[in-house]
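Have a look at the structure below before the remarks.
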Amino acid sequence: AGLNVIRVPIGHWILLPDGQRSYYRDHVDGKTVTKSEPFIGGEWPYLQRLVHWCRELQLQVYIDLHTAPGSQNGFDNSGRANVTGPTCIGWCSHNENVERTLVCIRQIARQIAQDGMQDVVTGFAVLNEPFIDCGMDLVRHFNNRAAGIVREVLGEDVTIIIGDLFNSSKWNGFWLDQGNTLLDSHYYHVFDEVPRSFSPKQHIAFVCGRQHRMTTACCYQDCDKTVPVTEGLRRLIGEWSVSYDTLVDARIEQVMDGIRKYGISQFYNRTISPDRRDFLLNFAKAQMVVFEAMSDGVSNGWMYWNFKTLEGAFAEWNFLRGLNEGWIPNVYHGVASVDRFGTCYDIMRQTNDTYSIVHEFPDPSSYDPDNWQGVVVDDDIVISHGESLNPGYEAINSFVGFGIAASENSTNADDSQAHLLPGTSMTKLFVVIGLVLLGIQRVWKTKRRTYTALPNSAS
583 AGLNVIRVPI GHWILLPDGQ RSYYRDHVDG KTVTKSEPFI GGEWPYLQRL
633 VHWCRELQLQ VYIDLHTAPG SQNGFDNSGR ANVTGPTCIG WCSHNENVER
683 TLVCIRQIAR QIAQDGMQDV VTGFAVLNEP FIDCGMDLVR HFNNRAAGIV
733 REVLGEDVTI IIGDLFNSSK WNGFWLDQGN TLLDSHYYHV FDEVPRSFSP
783 KQHIAFVCGR QHRMTTACCY QDCDKTVPVT EGLRRLIGEW SVSYDTLVDA
833 RIEQVMDGIR KYGISQFYNR TISPDRRDFL LNFAKAQMVV FEAMSDGVSN
883 GWMYWNFKTL EGAFAEWNFL RGLNEGWIPN VYHGVASVDR FGTCYDIMRQ
933 TNDTYSIVHE FPDPSSYDPD NWQGVVVDDD IVISHGESLN PGYEAINSFV
983 GFGIAASENS TNADDSQAHL LPGTSMTKLF VVIGLVLLGI QRVWKTKRRT
1033 YTALPNSAS
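Start counting the sequence shown at 583; every next residue gets the next number (the numbering used here).
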């Protein structure tokens, strides 16, 4: 497949002894897990086995501390879900939880060294996805302390990975002199209803525009963002997938219900249609091109989530299945994806824009207007399904006030082309304005019907 690194998420309780489910104390550093936390031990031997396999395959391992005492984000994958929604309050507002996290990091690093894993474990992500309300100063201070602990134990050459607080632009100027450091961002299309409703071309246009801008918002040496750092913090897209129309935590309820009733999920043997596979391949190519950011010189690469899944309902999250079925391309070392596949917009133009492969789940009527991700589409290329890139379209810069500004801020290499919607007639202009307003108000189904007659759409 051409991969060279495996990212391994772990819980902060990973060193609990087998069968242990209560208070655990290290007499040197202090407590890591308390009696009120129902975590079960015995996981470390499995990590040891994985590292052994990776050594045989000449793969590096990046350890990712995916959880923290009190929860750094309130997500279910943080070890403690917050029933009222995502938040960092359980971690950042309790200093003892921040300190316990540092204790966990020290203990895990020591065990890696004691077990002789440093030749394989070459990276350490000190905290996965701290949420937006964590507080920038606190997280920066935590990162400094955590990096110092890891390097004190594992050496100066270990790569330190930090989360971006869901805003990579905040980190310019941080760790300019700290080598082997990466700022980690995670990009998905399924956790908000707006992108789940996109057509195939819209998905890729969204990658080419917004996600390219987010990828290249850091990290630079100068205020104008023209000189990428050479020794300091660089970029890593540590999670992405080609899943695009199904919300996982909504589908999982159906999966578990089927297992409970019939012993197997009704989606277990799900197959992927040829048309869907064709789009998944282009979607993967576009993300690989953008997340490598070769023309911008700020990124160190990407990691796909997940390496393997067994459940057919979530096949698009299965990297190995994608390789085997041909909807994820192999990686060639030393060859940039843009040199293999063309630019992101080249890939978009080659994509069949048919809604027949979009099966949005759950029903859009269940949309949560308070979703913290709150995707607002202000990119004319996305809104027009790429039509605004076609020759003959005029920029309508003289018309202002209805919020299409994304192309003015774009840093993509395709910026030399006209990115604004056609102004060849007032009718087209009113259609565009109407669509923008509808998009802002979340009436995406009307937008779909408007674009059923695209030239490249399947009948």
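Note that CB positions come from ideal geometry on N, CA and C, so glycine has one too.
Any contact of the region 758-765 with the region 832-852, i.e. 3+ C-beta pairs under 8 angstroms? no
On the premise that M930 lies in contact with A787, defined as a C-beta separation below 8 angstroms, what is that separation, rounded to the nearest angstrom? Within the sequence shown, numbered from 1, the residue matching residue 787 stands at position 205. Within the sequence shown, numbered from 1, the residue matching residue 930 stands at position 348. About 6 angstroms; that satisfies the 8 angstroms criterion.
Grouping DSSP H, G and I as helix and E and B as strand, with all else coil, what is S750? Indexing the sequence shown from 1 puts residue 750 at position 168. Helix, per DSSP.
Contact check, S767 vs I714 under 8 angstroms by CB: the rounded distance? On the sequence shown, position 185 is the one that residue 767 refers to. On the sequence shown, position 132 is the one that residue 714 refers to. With 8 angstroms as the limit, S767 and I714 do not qualify as a contact, their Cβ atoms being about 13 angstroms apart.
For N864, name the three-state secondary structure that DSSP assigns. For the purposes of this step, residue 864 is taken as residue 282 along the sequence shown, with counting starting at 1. The answer is helix: DSSP assigns N864 an H, G or I state.
Beta-carbon gap between P591 and D646 smaller than 8 angstroms: Position 9 of the sequence shown, counted from the start, is the residue given in the question as residue 591. Position 64 of the sequence shown, counted from the start, is the residue given in the question as residue 646. Yes. Within cutoff.
What does a CB cutoff of less than 6 angstroms around W595 pick up in its chain, not counting 5 residues either side in sequence? Here residue 595 refers to the residue found at position 13 when the sequence shown is read from its first residue. So the list reads V615, F621, once near-sequence residues are dropped.
Within the same chain, show all residues whose beta-carbon is closer than 6 angstroms to that of M876, passing over the 5 residues directly before and after it, in chain order. As a first step, residue 876 must be located in the sequence shown, where it is residue number 294. Hits under 6 angstroms: A918, V920.
Report the rounded CA-to-CA distance for D878 versus I744, giving the unit in angstroms. Along the sequence shown, read from residue 1 onward, the residue named residue 878 stands at position 296. Along the sequence shown, read from residue 1 onward, the residue named residue 744 stands at position 162. Straight-line Cα distance between these residues: approximately 21 angstroms.
DSSP has D766 in a bridge; who is on the other side? Sequence index remark: in the sequence shown, residue 766 carries index 184 (1-based). DSSP lists G745, L818 as partners of D766.
Can you name, in chain order, every residue of its own chain whose Cβ lies under 6 angstroms from the Cβ of G652, other than the five neighbours on each side? Walking along the sequence shown from the start, residue 652 turns up at place 70. Result list for G652: G672, W673, H676, N679, in chain order.
Same chain, Cβ closer than 7 angstroms to V837, neighbours up to 5 away in sequence not counted: For the purposes of this step, residue 837 is taken as residue 255 along the sequence shown, with counting starting at 1. S847, F849, E893, A895.
Rounded C-alpha distance that separates R727 from C790: Looking up residue 727 in the sequence shown gives position 145. Looking up residue 790 in the sequence shown gives position 208. Going from the Cα of R727 to the Cα of C790 covers about 36 angstroms.
Taking only runs of the alpha helix (DSSP H) that begin and end inside the region 657-682, which ones reach a length of at least 4 residues, in chain order? 671-674
Would you please state the rounded distance, in angstroms, between the beta carbons of L648 and N710? I believe it to be under 8 angstroms. Here residue 648 refers to the residue found at position 66 of the sequence shown. Here residue 710 refers to the residue found at position 128 of the sequence shown. One detail in the question is off: residue 648 reads as His in this sequence, not Leu. With a Cβ gap of about 4 angstroms, H648 and N710 count as contacting.
Evaluate L597 with the Cβ neighbour count: other Cβ atoms within 10 Å of its Cβ, from every protein chain shown; 16 or more gives buried, anything less gives exposed. Reading the sequence shown from its first residue, position 15 is the one you call residue 597. Classification for L597: buried.
With contact counted as at least three CB pairs below 8 angstroms, one residue from each stretch, are the region 651-669 and the region 689-703 in contact? no
Put V587 into one of helix, strand or coil per three-state DSSP. Looking up residue 587 in the sequence shown gives position 5. Strand at V587.
Counted within 10 angstroms of its Cβ, other Cβ atoms place S947 as buried (16 or more) or exposed: As a working note, residue 947 is residue 365 in the sequence shown. S947 should be labelled exposed.
If you count every other CB in all the chains shown that lies within 10 Å of the CB of Q630, and 16 or more means buried, which is it? The residue labelled residue 630 in the question sits at position 48 within the sequence shown. Exposed is the call here.
Whether or not the region 794-805 and the region 899-918 are in contact is what I'm after, with contact meaning three or more pairs of Cβ atoms, one per stretch, closer than 8 angstroms; do they touch? no
Closest Cα partner of M885 within the set W822, F923, V772, D719: Sequence index remark: in the sequence shown, residue 885 carries index 303 (1-based). Nearest of W822, F923, V772, D719 to M885, Cα basis: W822.
Residue from E874, P911, E969, I742 with nearest C-alpha to G567: Since the displayed the chain opens at 583 and closes at 1041, residue 567 lies outside it and no answer follows.
Could you tell me if T853 is buried or exposed, where buried requires 16 or more neighbouring beta carbons within 10 angstroms of its beta carbon? Within the sequence shown, numbered from 1, the residue matching residue 853 stands at position 271. Looking at its Cβ environment, which holds fewer than 16 other Cβ atoms inside 10 Å, T853 is exposed.
Candidates V708, V776, D935: closest to V959 by CA position: Locating residue 959 in the sequence shown gives position 377, where the first residue counts as 1. Of the listed residues, the one whose Cα sits closest to V959 is V776.
What is the residue span of the alpha helix (DSSP H) that N725 lies within? Position 143 of the sequence shown, counted from the first residue, corresponds to residue 725. Looking at the DSSP string, the run of the alpha helix (DSSP H) that includes N725 is 718-736.
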